[in-house]
Each structure stands twice: as structure tokens, then as C-alpha cells.
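The UniProt record's numbering applies: residue 1 is where the sequence shown begins, and numbers increase by one. All C-beta atoms, glycine included, are put in the ideal place defined by N, C-alpha and C. Take a look at the structure below.
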Amino acid sequence: VFLATDIDGMPIICFLLHEQKTLLAVRIQADESNEEAFGDIKSHISWNIPAFAAAPVVVTRPRARVGLLPFTDILILTPE
């Protein structure tokens, strides 16, 4: 797991799935009109391992109640 930025500067959380040889990139966006955040999930299949230069992060997944849904997952990323 590592953090990156898109060409327009928006943050992207990247998950490198080693066994499947797939890069899953989740672009974090915020809808400023109603103050809600949502993710745009794009799976990038072609990649080259030597091209990656990023610091790994630790991911934890606490759960929280949001609206009418019983729970939602929250990703917390830390450098250690």
C-alpha cells in the first residue's frame, strides 16, 4: 500500500496486489456541495515494478456508523 498523487494533485491510495499482478488505485475525491467524500476506484493492470518509488504505509480499518447504513470502512494511513 502506498500513497500517490494524480496528475491534477488529487490523492490516490494504491494497493499493489502482488499475486494477481494488479495495481488497484483509489482516487479520493470530495463533493464540496454536500461535504461528502467518495472514492473513484480504477484498476490499473499494466505496471512495471522498477517504476515504483513510494514509501509504504500501514493501513488499519476501523468501522463507523454513517447515515442509514449500519457501518462504513475507514482507511487510516500512517507512515510507521
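The C-beta of isoleucine 7 has fewer than 16 other C-beta atoms within 10 Å across all chains shown, which makes the residue exposed. Here DSSP, grouped into helix, strand and coil, assigns isoleucine 7 to coil. About 11 Å separates the beta carbons of leucine 23 and isoleucine 13, which is beyond the 8 Å limit, so they are not a contact pair. DSSP places valine 26 within a strand segment (E or B) once states are collapsed to three.
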